[in-house]
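The sequence shown begins at 49 in my numbering and counts up by one.
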Amino acid sequence: RKDDTVHHSKRRPMKLLALALIVVLAASVAADDAPCHLFVGLPYPAAPDTFKGLAVPVTAEETLTCDAIELDCNKKNYPEGANYSVKQSIDDYCGLPNAKSYKSTLMCTGTNPNKEDELNECNVDAIAYVYAEALKKAKDSNVFSTSQGACVTDEIELAYQFKEPRHFELHGGLFNLNTMCEVDTEKKMQCYGPEQVDCDKIAIASANFQGWLAYVMGPLGDMDLLQKKYHIRNMLVWAILGSVFTWIGFLLFLYAEIKAVLTVRERDERDRLVEAKILKKNDVKMNELLETENGYFLIRPFITILAFLIFWGGMLFQFTPFCSFITLIFPFWFGLEHACYLIVLAATLFFAASLFLIVLGLIWSCTRGWAALVLLVLGLITNGLVFTGLIGLSIWAFLLVGLLLLYFKFLPDYYAEKSEKPDWVQNLGAFTFPTTADDFKKFGEGAANTLQGDLRKIPGVAAAQ
49 RKDDTVHHSK RRPMKLLALA LIVVLAASVA ADDAPCHLFV GLPYPAAPDT FKGLAVPVTA
109 EETLTCDAIE LDCNKKNYPE GANYSVKQSI DDYCGLPNAK SYKSTLMCTG TNPNKEDELN
169 ECNVDAIAYV YAEALKKAKD SNVFSTSQGA CVTDEIELAY QFKEPRHFEL HGGLFNLNTM
229 CEVDTEKKMQ CYGPEQVDCD KIAIASANFQ GWLAYVMGPL GDMDLLQKKY HIRNMLVWAI
289 LGSVFTWIGF LLFLYAEIKA VLTVRERDER DRLVEAKILK KNDVKMNELL ETENGYFLIR
349 PFITILAFLI FWGGMLFQFT PFCSFITLIF PFWFGLEHAC YLIVLAATLF FAASLFLIVL
409 GLIWSCTRGW AALVLLVLGL ITNGLVFTGL IGLSIWAFLL VGLLLLYFKF LPDYYAEKSE
469 KPDWVQNLGA FTFPTTADDF KKFGEGAANT LQGDLRKIPG VAAAQ
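See the structure below:
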């Protein structure tokens, strides 16, 4: 009997382990069988009976069932019996930038969860099907005729075609729209919104353009869907894309200005040697050199300005997604609604300008000391004023442009008329734009000669030619 007691005591841990495994397996099976959920916001108010038990066929095997729920994101009135994943999904839904524009909410359930989602949300590919079915139900139930101000457009014929139904949303922007559009696979689009202005010609044109842009961009045309489906962080994507553009613009700027510095230094050294009678002047070769150099200086303004625009655009890509954080960090900047994007536009513009002025001053410091000093001082002041606000930046913009024109335009012209120019008045080489047909002809020749000359300097290219 003692041996039997020992034997049973040894088997008890094994029984407990087996029981624990059974419980874990049962819980995992129950979790797999648990219905997935999906929350969809509508821009018009709808009574709960309108969408009660709305069936949304997604695939031959998958059908979602949707119901309108009373949801107040401010009060966080979760549906009765909601578990942790449902509550967390509601929090994410209420945190969307467009959540404030939703007038009613649909809660859909199904059996096809997104396997990569920890909250057991349904596959987000179903969102377009839910919106399309909800629009049909709303029109059949006369929601747009009974809701105050709500609008819906007629079907719009498109010039492009999607393989799957698509859902587009237009919120805010220049025209302060709050429009949603559904696009089917038959080149038809229909838009709707809470107010009549959301269905006017401007809204339709904006929706058509956004749809065409999504069509051209292909899989990258719906970043919101990709974010939900694959957990792509938009801020990271735009930050990487912006970094690529800023580096392209910065390197292009370095190329343009370093080449200009080398050309000016070579010209200065050549003039010094001729003046000291160390080098005998050859008019024919001198004219050929000047013509080649002037050809580059004709295209230099375009390269420099293009580099600045690319650099600035890259900075916009990087900072615009962080608008909510910028609002919290610099609250004193925001006196207007939706002013964040305006502030980002101005701040990145002046930051890019300050950086270009500083780098330009450093590049030219080896041959134009006074001009470089002016650029460095103006660049540092501009950089320090970036976060002073729109009024301060607006005032400094006029002063900055005026000071640059004074030093690089008006002072040289003034002293040129007197046939004497002090040493502290310096230029950075020619920076003019073609204005005549002959100038544009020289511009084309200069671009071709510069490209050909630079390619020949690449190892292996000259030998190949």
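In this text, a Cβ means the ideal position worked out from N, Cα and C, and glycines have one as well. Quantities reported herein were computed from a predicted structural model and do not represent experimental measurements.
query                                                                                                        : result
Residue range of the unbroken beta strand (DSSP E) whose run includes Ser189                                 : First-last for Ser189: undefined, no H or E at that position.
Local conformation of Leu222 per DSSP, three classes                                                         : coil
Leu284 (DSSP reduced to helix, strand or coil)                                                               : helix
Within-8 angstroms CB hit, Asp140 to chain B                                                                 : In the displayed structure, chain B is absent; only one protein chain is listed.
Inter-stretch contact at 8 angstroms, needing at least 3 Cβ pairs: the region 406–424 / the region 358–368   : no
Residue from Leu90, Tyr303 and Ile296 with nearest C-alpha to Leu154                                         : Leu90
Host beta strand (DSSP E) of Pro105 (start-end)                                                              : Leu102 to Pro105
Helix, strand or coil at Tyr92 according to DSSP, with G and I counted as helix                              : coil
Exposed unless 16 or more other CB atoms sit within 10 angstroms - verdict on Asp246                         : buried
Glu339 (DSSP reduced to helix, strand or coil)                                                               : helix
Ser392, buried or exposed, once every other Cβ within 10 Å from all chains shown has been counted against 16 : Note on identity: in this sequence residue 392 is Val, with Ser being the wrong assignment. Buried, since its Cβ has 16 or more Cβ neighbours within 10 Å.
Distance, Ile250 Cα to Trp472 Cα                                                                             : 55 angstroms
Gly450, enclosing alpha helix (DSSP H) - first and last residue                                              : Leu438 to Leu453
Closest by C-alpha distance to Leu206, when choosing among Pro482, Gln238 and Ala287                         : Gln238
DSSP-derived helix/strand/coil call for Ala74                                                                : Because Ala74 carries a pLDDT of 43, less than 50, the predicted location of this residue cannot be relied on, and the following value inherits that uncertainty. Note: Ala74 maps to helix in three-state DSSP.
The alpha helix (DSSP H) enclosing Lys469, as first and last residue numbers                                 : Note, Lys469: premise wrong, no alpha helix (DSSP H); not H, not E.
Three-way DSSP call (helix, strand, coil) for Thr214 in this model                                           : For the record, residue 214 in the displayed sequence is Arg; it is not Thr. Arg214 falls in the strand class under three-state DSSP.
Environment of Pro470 [buried if 16+ CB atoms lie within 10 Å]                                               : exposed
Residue from Asn475, Leu337 and Leu448 with nearest C-alpha to Asn497                                        : Leu337
8 angstroms contact criterion, which Arg416 and Gln474 should meet: CB distance rounded                      : 5 angstroms
Contacting residues, own chain, Cβ-Cβ under 8 angstroms from Pro30 (five flanking each side not counted)     : Outside the displayed range of the chain (49 to 513) lies residue 30, so it cannot be described from this structure.
Opening and closing residue of the alpha helix (DSSP H) in which Gln238 lies                                 : Per DSSP, Gln238 belongs to no alpha helix (DSSP H); it is in the beta strand (DSSP E), Lys236 to Gly241.
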